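Residue numbers (the UniProt record's numbering), protein chains in the order written: chain A, 1 to 241; chain B, 1 to 936. Think of the CB as a built atom: it goes at the ideal place given N, C-alpha and C, for glycine as much as any other residue. Note that this is a predicted model, so its numbers are computed, not measured.
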Amino acid sequence: MEFVNPEGLRLDGRRAMEMRQLRAQIGAVSKADGSAVFEMGNTKVIAAVYGPREVQNRSQQMSDQALVRCEYSMANFSTGDRMRKPKGDRRSTELSLVIRQTMEACILTHLMPHSQIDIFVQVLQADGGTRSACINAATLALADAGIPMRDLVTSCSAGYLNNTSLLDLNYVEDSAGGPDVTVGILPTLDKVTLLQMDAKLPMDIFENVMQLAIEGCKAVANYIREVLQENTKQLEVRRGV
Amino acid sequence: MLQSKVFSKRTRGGKVQKTVREVYLRDDLPCGAPFCKVCDTSKARLSPSASSPILIVDTNVVLSQIDLLENPAMDNVVVLSVVRDEVKNRNIAVFKRIETLCYNSTRNFFVFYNTLHKDTFVHDVSGESPNDRNDRAIRVATQWYQNHLGGQTRVLLITNDRENKRKATEEGISAETIESYVKSLGQPNLLDLLVKPVSEDVEMEDADALRPSKRKVLYAEHKPMSEITSGLRCKIYHQGKLRVNRYNPFEAYVGSESIGDEIIIYGRTNMNRAFDGDVVAVELLPQDQWREEKFLSIADEGEEEEEEDVHLAPNSADDALRNTNPPNSADDKNSVPCRPAGCVIGIIKRNWHSYSGSLEPLPMPAASGSIAHALFVPKDRKISKIRIQTRQLENLLDQIIVVAVDSWDRQSRYPSGHYVRKIGEIGDRNVENQAVLMENDICDEPFSRQILNCLPPLPWSVSAEDLANPIRMDLRHLLVFSVDPPGCKDIDDALHCTTLPNGNFEVGVHIADVTNFVHPGTPLDDEASQRGTSVYLVERRIDMLPKPLTEDICSLRADVERLAFSVIWEMTPQAEIISTRYTKSIIKSCAALSYVEAQARMDDSRLVDPLTTDLRDMNTLAKIMRQRRIERGALTLASAEVKFQIDTETHDPLDIGMYQIREANQMVEEFMLAANVSVAEKILKHFPLCSLLRRHPTPTKEMLEPLLRTAAAIGLNLDVTSSKALADSLDRAVGDDPYFNKLIRILATRCMTQAVYFCSGDLSPPEFHHYGLASPLYTHFTSPIRRYADVIVHRLLAASLEINKLPQIFQDRTQLTSIAENLNYRHRNAQMASRASVELHTLIYFRKRPTDEEARIVKIRSNGFIVFVPKYGIEGPVYLTPRGEKGDGEWFVDEQQQQVKKMDGSVSYSVLQSVKIHMEVVEPQPNRPKLELSLI
Ligand SMILES: [Zn+2]
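Here it is as structure tokens:
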């Protein structure tokens with residue numbers, strides 16, 4: 001199938017290195033300590049953060065750092081078939097783990113011993129790149145909750161189809177079965193914290209694809225910073241500072 | 001600018017699902033006119049002069065008039081992406097051709113992505129069909145062009161859709177039909193290329209001279225697509241690709257996954273206008289009709305009774321005529337398994353393309369310049385004759401031409417098509433060759449610059465780097481030599497054999513290291529992979545790789561250092577393999593011998609030089625290996641290969657004769673087989689799921705039936721339970737004359753299908769078996785210069801030795817499977833082309849030389865028999881009664897004895913009997929020479 005036409009345009013009109021439109025909204029769940037909705041094109045994810053708070057299960061309490069928990073789920077209406085999916089299937093468990101590990105790596109957990117931070121992420125609409133959108137939403141929600149972090153974590157994916165590296169695959173491109181590299185970075189520290197790929201790629205091409213994904217992460221980071229700054233400004237206005 | 005596209009889609013399970021897709025509309029897409037002042041003109045491809053109009057074509061114009069569009073008279077065309085996508089969905093062959101046009105630098109075709117442009121994107125309107133929406137999109141784009149180029153040039157919408165044209169005119173767009181546009185160009189010959197409209201869009205002035213009202217309906221209606229899909233789902237219909245029997249065009253097969261068997265389609269009526277290669281939907285006939293149909297297979301065609309020509313004797317079941325004789329009725333009701341028979345009820349995907357052939361001579365020549373109807377006879381017998389209209393009949397009668405199919409309605413016996421181009425005069429060797437190549441889908445274009453750029457610079461020699469490379473063993477000190485047919489320039493294998501101190505032998509097979517020069521993913525590799533194999537015609541060779549590689553850099557010529565990939569065994573004097581090594585190497589061949597030279601050296605007992613001694617040692621080993629192989633059950637099959645001696649100046653054949661096989665041939669063959677087997681073992685061990693292997697399916701009882709019937713008639717008992725049993729009974733089959741055994745072997749060979757390439761992940765190990773060689777594993781490693789399969793195997797072997805990484809394609813089994821399929825297809829076509837070339841030269845040879853020759857009867861017919869002429873390797877009918885007459889029962893066939901007897905019993909001819917025949921070229925119709933065999 002032709003995913004990139006001879007003019008270099010993808011099926012949805014983007015060029016290879018173009019990202020889908022990003023949208024974000026902070027504070028979507030007022031009950032939570034922090035929350036955010038993050039959209040990458042038609043992929044829409046909501047994240048809510050509770051904590052730091054008391055550890056619910058005493059036996060899990062840690063004396064030197066905070067306990068970070070994460071629950072990922074997918075709304076039944078998020079895909080076209082609206083199929084009821086069992087909770088806790090392998091994919092959700094794996095994704096919960098990935099998100100938890102990624103977020104844990106940037107939260108300054110040692111500042112909050114004996115406490116627990118819960119991150120809930122739910123996919124409202126899935127159109128490829130849910131993994132990245134979840135991480136980006138979680139970052140925003142954590143920031144909104146005012147949880148101390150080393151840096152933002154931002155994520156973006158890139159793939160390789162029709163001999164071209166493509167940034168931010170949508171569902172159609174993702175289901176082509178080609179390689180899909182998801183990268184998460186700490187943009188200020190310039191470090192990679194997450195790297196996943198579920199196919200094989202020659203080394204040189206892989207490096208190229210990964211570099212593209214990193215560029216994507218940086219663009220997401222810039223956008224998230226803007227959103228946070230804008231949010232802070234509004235908070236200032238509300239408080240009358 | 002962001003837009004959402006919402007549409008409903010039916011899922012695999014049959015549910016309707018709403019799908020939402022984003023579309024990012026752009027403003028940076030150029031219009032393609034070089035004189036445009038707004039857009040980026042760096043990629044503009046349209047005509048630089050504003051004087052010629054810009055043509056915007058709709059989907060149907062591209063689909064039906066692609067031959068016309070390919071004519072340079074049609075130019076300055078904008079292909080909208082909406083049209084491009086639709087063409088791609090509806091006909092991939094046309095799509096490829098239009099793509100070629102769009103990227104041909106000498107043509108002014110430009111793709112405008114109207115569906116992604118912010119000003120030409122159209123929203124769905126409820127109640128509008130996709131077709132209407134697309135038509136509207138085309139009009140919007142045309143309008144945009146008109147406004148965008150601000151009257152600098154004329155923009156013309158070309159559509160044959162009446163409604164679309166009307167709406168366009170209303171909206172102020174200039175629109176024309178393709179006919180009126182072509183007429184306005186004033187080039188009458190272009191009109192021949194025009195496809196006649198079929199549907200209600202008819203705007204032609206002469207709607208065919210054949211008075212449609214009086215024509216009777218010959219074929220059943222094709223079922224509508226919706227009915228087919230639902231029928232397929234509830235398994236009433238079966239889907240598959242139709243394959244027409246190459247030797248009996250009235251019989252076709254559809255391989256169906258749903259019943260796991262082949263469905264036979266007998267006769268044109270049941271084929272219902274399907275072409276070879278079409279994807280069709282088939283309905284099974286009631287079971288009681290499965291057999292009766294067999295008897296009707298030829299009879300129901302009436303006037304179109306099949307004409308059998310003299311042709312090259314088949315080498316395998318793939319070449320052979322299917323047995324169309326009805327089997328003996330009574331006793332074999334349960335012995336012959338019934339295959340399901342069916343009829344085509346709909347065509348899911350057409351495989352129409354263009355075909356080469358000639359026009360059937362007409363009894364009455366038409367007046368020159370006027371429109372004449374003619375029947376086109378394709379060279380490919382699988383294709384039905386095609387009706388065409390032409391204004392230049394007298395110019396075309398003695399020409400080989402190319403014709404494309406347009407339509408086939410229920411009232412016509414034949415499909416209608418249109419003339420595309422001339423290839424040249426019938427009988428001209430180059431022209432006939434061209435036609436053969438085209439028919440077999442063989443590309444003989446010179447290699448492009450891009451491909452030649454992948455070659456190392458000439459003169460090439462082994463570099464110091466190669467010598468220092470630790471993966472490469474320096475074997476220059478060995479006495480390596482090659483043995484090939486005389487004059488062979490692309491030498492891809494060489495051998496060596498030395499005696500070890502322990503009395504064992506070290507034997508090496510050295511194969512040209514082609515993959516050192518052909519790297520995966522390069523244009524050179526892509527081209528070779530497409531070509532699949534070199535093609536050998538009688539007087540010319542079409543290479544898979546460019547000449548500098550085949551004849552110089554890779555060729556293991558004498559006295560030059562060359563890179564090789566070697567398999568080296570230690571063997572006992574009893575030819576038992578003790579160890580096997582695989583390594584890249586550097587060799588220096590000391591002699592490039594011909595088979596005759598090698599044989600002469602071995603036979604000349606006075607010679608005791610090292611080379612000759614090595615040859616003799618190898619020959620001794622080879623004989624033991626061969627013997628052991630035969631004991632295992634390998635079949636020594638025989639085929640009737642002929643060889644021409646060609647006049648170097650006129651290229652006419654001077655002499656033909658059977659190819660003589662010497663011990664030296666068998667010696668080289670034996671070691672090549674051994675190397676292939678060793679490599680197959682090695683690669684399969686390392687890559688059990690993605691090795692490319694070669695298998696030879698065990699022939700079924702049904703396939704061997706013609707052989708058994710013949711054998712039974714002459715009282716010979718053949719045991720076909722295993723290849724070993726067959727080999728033994730073939731050995732025992734010795735008749736009164738020396739040729740008898742060979743003849744039986746030839747008949748056995750032609751009952752079997754050919755070996756095929758496959759991907760090891762697709763089958764289970766018992767299916768890997770190579771029946772003919774009685775080997776559980778086999779592959780091709782020894783001819784990478786002329787076969788792409790060997791190139792793949794070289795890469796696999798190198799990867800298993802950790803010399804190279806395994807290229808990416810091997811991680812994708814579907815891709816590897818499709819590569820194997822392409823290789824089988826190319827291989828088959830290359831063989832068909834070689835055979836056609838030999839047939840052509842046989843005809844040329846006999847044109848001046850009527851000959852009497854000894855022949856053998858191989859098949860009995862009601863009005864004669866088929867003979868095989870061993871000396872020339874050809875086969876053809878000999879008629880006892882003049883053609884066309886039914887013979888008034890003068891002769892009758894005795895099935896049991898395989899005899900044709902005169903009613904009064906005075907004369908009889910039985911199968912395998914030797915007869916004297918006369919061979920002569922006759923021309924029953926002008927420009928249609930054919931070889932005729934008659935009894936003396
Ligand atoms: Zn423009």
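Residues of chain A with CB closer than 9 Å to the CB of B/Gln811, please, in chain order.
Ala199, Lys200
Does at least one heavy atom of ligand 1 sit under 7 Å from the Cβ of B/Cys234?
The answer is no for B/Cys234.
Quick check for students: name the residue ranges of the beta strand (DSSP E) that lie wholly in the region 219–265 of chain B, counting only runs of 3 or more.
237–245, 248–256
Determine which residues share a DSSP beta bridge with residue 1005 of chain B and list them.
What the structure shows of chain B is the stretch from 1 to 936, and residue 1005 of chain B is not part of that stretch, so it cannot be assessed.
Pull out every residue of the region 781–811 of chain B whose Cβ sits closer than 8 Å to any Cβ of chain A, in chain order.
Lys805, Gln808, Gln811
Proximity winner among A/Arg239, A/Leu142, A/Ile224, A/Ala28, relative to A/Gln116 (alpha-carbon distances)
Here the closest residue by C-alpha is A/Leu142.
Would you please verify whether the beta carbon of A/Asn42 is less than 8 Å from any beta carbon of chain B?
By this cut-off, A/Asn42 is an interface position.
Does the CB of B/Glu22 have a neighbour CB from chain A at under 8 Å?
yes
Per-residue burial, B/Thr19 [other beta carbons within 10 Å of its own, 16 or more giving buried]:
So B/Thr19 counts as exposed.
What residues from chain A crowd round B/Thr41, counting only those whose CB sits closer than 8 Å?
Those do not exist, as B/Thr41 stays about 15 Å from chain A at its closest Cβ, beyond 8 Å.
Taking the C-alpha atoms as reference points, what is the distance between B/Leu452 and B/Ile383?
Cα to Cα, B/Leu452 sits roughly 37 Å from B/Ile383.
Helix, strand or coil, according to DSSP, for B/Pro378 in the structure here?
strand
Within the present structure, is the beta-carbon of B/Val38 separated from the nearest heavy atom of ligand 1 by less than 7 Å?
yes
Does the region 696–710 of chain B come into contact with the region 745–759 of chain B, if we say contact requires no fewer than three beta-carbon pairs (one atom in each stretch) closer than 8 Å?
yes
With 8 Å set as the bound, which would you pick, yes or no: does the beta-carbon of B/Tyr145 sit closer than that to a beta-carbon of chain A?
no
Euclidean distance between Cα positions of A/Asn222 and A/Ala213
14 Å
In the DSSP assignment, find the alpha helix (DSSP H) that holds A/Thr139 and state where it starts and stops.
Looking at the DSSP string, the run of the alpha helix (DSSP H) that includes A/Thr139 is 130–145.
Under 7 Å from any heavy atom of ligand 1, does the C-beta of B/Cys31 make it?
Remark: the C-beta of B/Cys31 is in contact range of ligand 1, defined as less than 7 Å to any heavy atom.
Local Cβ density within 10 Å of B/Asp332, reported as buried at 16 or more and exposed below that:
Legend: pLDDT at B/Asp332 = 39, less than 50; position of this residue unreliable, no value from coordinates given.
With a cut-off of 8 Å, do at least 3 Cβ pairs link the region 164–178 of chain A to the region 119–136 of chain A?
Touching, yes.
Per-residue contacts from A/Arg150 into chain B (C-beta, under 8 Å)
Within chain B, no residue comes near A/Arg150; the closest Cβ sits about 34 Å away, beyond 8 Å.
Where A/Cys217 sits in the DSSP three-state scheme:
Of the three classes helix, strand and coil, the one that applies to A/Cys217 here is helix, per DSSP.
Hey, B/Gly772 and B/Leu673: beta-carbon distance below 8 Å or not?
No, Cβ-Cβ distance for B/Gly772 and B/Leu673 is not below 8 Å.
Does DSSP classify B/Ser534 as helix, strand or coil?
coil
B/Val23 and A/Asp12 look like a contact to me (Cβ under 8 Å); what is the Cβ gap, rounded to whole Å?
6 Å
B/Thr550 versus B/Ile388, B/Leu455, B/Leu55, residue with shortest Cα-Cα distance:
B/Leu455
Can you tell me whether B/Gly342 is helix, strand or coil according to DSSP?
strand
In this structure, does DSSP put B/Arg856 in helix, strand or coil?
strand
Close-in-space but distant-in-sequence residues of the same chain around A/Asp118 (CB under 6 Å, 5 per side omitted):
Tyr50, Gly51, Arg69
Check distances from the C-beta atoms of the region 5–21 of chain A to those of chain B and list, in chain order, the residues that come in under 9 Å.
Asn5, Pro6, Glu7, Leu9, Arg10, Leu11, Asp12, Gly13, Arg14, Arg15, Glu18, Arg20, Gln21
Considering B/Cys554, what are the terminal residues of the beta strand (DSSP E) in which it resides?
It is not in any beta strand (DSSP E) - B/Cys554 carries neither H nor E in the DSSP assignment.
DSSP-derived helix/strand/coil call for B/Ala73:
coil
So is the beta-carbon of B/His117 under 7 Å away from any non-hydrogen atom of ligand 1?
no
For A/Cys70, write down the residues that DSSP places opposite it in a beta bridge.
Looking at the DSSP assignment, A/Cys70 forms a beta bridge with A/Ile119.
Let's see if you can read the secondary structure: which residues bound the alpha helix (DSSP H) around B/Arg90?
81–90
Contact with chain A by B/Lys18, beta-carbon distance below 8 Å
yes
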